[in-house]
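Going by numbering that gives the first Met the number 0, the residue at position 150 of the sequence shown is 149; the numbering climbs one at a time, nothing skipped.
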Amino acid sequence: MINLPYNSNLKLKSILDRVNGDEYLQSLWECINVNAVRRLGLSDHGPVHFAIVSNIALKILRNLLEAGVKPNIVTDHRMTDDDAEVVVFLGAVLHDLGMVAHRENHHMFSVPLAFQLLPGLLKGVYDERERAIITAETLHAIYAHESEIPQLTLEAGVVRVADALDMKEGRARIPFIAGKKDIHALSAMSIRDVKIRKSKQKPVVVEISMYNESGIFQVDQLLRKKIAGTKLEGFIEVVAQVENQQRKTVLSRYTLGTVPETPTGEVIVQK
0 MINLPYNSNL
10 KLKSILDRVN
20 GDEYLQSLWE
30 CINVNAVRRL
40 GLSDHGPVHF
50 AIVSNIALKI
60 LRNLLEAGVK
70 PNIVTDHRMT
80 DDDAEVVVFL
90 GAVLHDLGMV
100 AHRENHHMFS
110 VPLAFQLLPG
120 LLKGVYDERE
130 RAIITAETLH
140 AIYAHESEIP
150 QLTLEAGVVR
160 VADALDMKEG
170 RARIPFIAGK
180 KDIHALSAMS
190 IRDVKIRKSK
200 QKPVVVEISM
210 YNESGIFQVD
220 QLLRKKIAGT
230 KLEGFIEVVA
240 QVENQQRKTV
250 LSRYTLGTVP
260 ETPTGEVIVQ
270 K
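Here's what the structure looks like:
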């Protein structure tokens, strides 16, 4: 069951209710988690992952909307901010469907699976033209959630970054306990918490608290790639802070440089 603050967005509420009541989709999520956790030794990719990502995505989008940033479904299709929330939510809960087949190229497999589900989720909420647009925008967000895929919409960028921010310590515990001790597992275990707020300078400020500096790998090597190339660049700041003040820190401040020709939000790691 996904709990989401739909506020006054009744379209989002209707689709949320359908997602929560869709036994076929829930079963697909279970299959995804079997492949991810039991067979591949990855972190959880089941209902909890989709609940976390959808809530993070909605928070990021609403911060952007409050700052006057226009989603592409508004600028390109003359639809509404509420419709952008629907696209982001659907992208968040459907983006990993392809993992029922395999982790490799799962974003490609996710598209046809989502295409099968979307008509039932959207029917009665939107007319035929609107359903086509919501479907198109959602499928792009799903396909482009992988770092190497060029991003064409703000909504797709929100989904990609939200997916990357499901990085708290407990989310990495399964592969760590299973014996995976590489830098990915170790750095993920160092992430204590992730919070999203806004500032006068940036509508989206991601605050990451870490137990130690190994978490920098998550910020510099993983999150950086997720932000780069999205339409969130320029609107997002990521601040990572080491919680343990009693021990000597290796880095007191770290600023992530810009990607060539695509300026990114500043990433700071500070004591």
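Cβ atoms here follow ideal geometry from the backbone N, Cα and C, with glycine treated the same way.
Predicted, not measured: the structure shown is a model, and the values here were computed from it.
Look up residue i in the DSSP assignment and say whether it is helix, strand or coil.
i: residue 166; result: coil
i: residue 81; result: helix
i: residue 134; result: helix
i: residue 125; result: strand
i: residue 86; result: helix
i: residue 173; result: Residue confidence for residue 173 is low, a pLDDT of 40 falling below 50, so the modelled location carries little weight; the figure read from the coordinates is stated next. The answer is helix: DSSP assigns residue 173 an H, G or I state.
i: residue 16; result: helix
i: residue 60; result: helix
i: residue 102; result: coil
i: residue 148; result: coil
i: residue 91; result: helix
i: residue 67; result: coil
i: residue 7; result: coil
i: residue 186; result: helix
i: residue 54; result: helix
i: residue 155; result: helix
i: residue 1; result: coil
i: residue 140; result: helix
Which residues bound the alpha helix (DSSP H) around residue i?
i: residue 110; result: 105 to 121
i: residue 75; result: 71 to 76
Assuming residue i and residue j form a contact by the criterion Cβ under 8 Å, report the distance between their Cβ atoms to the nearest whole angstrom.
i: residue 151; j: residue 139; result: 6 Å
i: residue 207; j: residue 237; result: 7 Å
i: residue 22; j: residue 72; result: In fact, because the Cβ distance is near 29 Å, the residues do not count as touching under 8 Å.
i: residue 202; j: residue 63; result: 5 Å
i: residue 217; j: residue 198; result: The pair is not a contact, with the Cβ atoms about 22 Å apart (cut-off 8 Å).
i: residue 95; j: residue 31; result: 6 Å
Ignore the nearest five residues each way along the sequence and tell me which others in residue i's own chain have a CB closer than 8 Å to its CB.
i: residue 142; result: 106, 107, 109, 110, 148
i: residue 128; result: none
i: residue 293; result: The requested residue 293 does not occur in the structure, where the chain is confined to residues 0 to 270.
i: residue 195; result: 55, 58, 59, 62, 164, 203, 204, 205, 206
i: residue 234; result: 63, 66, 68, 201, 202, 203, 264
i: residue 8; result: 81, 84, 85
If I measure Cβ to Cβ from residue i and keep anything under 6 Å in the same chain, skipping five residues before and after, which residues do I get?
i: residue 172; result: Bear in mind that a pLDDT of 42 at residue 172, under 50, signals an unreliable position, so the model cannot answer this.
i: residue 189; result: 209, 210, 211, 213, 214
i: residue 156; result: 150, 229, 230, 231
i: residue 10; result: 81, 85, 124
i: residue 34; result: 98
i: residue 132; result: 76
i: residue 117; result: 134
i: residue 78; result: 72
i: residue 130; result: 121
If I measure Cβ to Cβ from residue i and keep anything under 7 Å in the same chain, skipping five residues before and after, which residues do I get?
i: residue 53; result: 1, 3, 88, 91, 92
i: residue 18; result: 1, 24, 92, 120
i: residue 163; result: 221, 222, 225
i: residue 167; result: 190, 192, 193
i: residue 5; result: 11, 12, 15
i: residue 28; result: 45, 46, 49
i: residue 174; result: Low per-residue confidence applies at residue 174: pLDDT is 47, beneath 50, and the placement is therefore not dependable enough to give any value.
i: residue 70; result: 80, 83, 153, 154
Under 6 Å: does the beta carbon of residue i sit that close to some heavy atom of the ligand ADP?
i: residue 124; result: In the structure on display, the ligand ADP does not appear, and there are no ligands present to speak of.
Discussion item. Ignoring anything shorter than 3 residues, give me the beta strand (DSSP E) runs that lie fully in the stretch 18 to 46, in order along the chain.
Written reply: none
Minimum length 3: unbroken beta strand (DSSP E) runs contained in the stretch 188 to 246:
190 to 196, 203 to 209, 235 to 241
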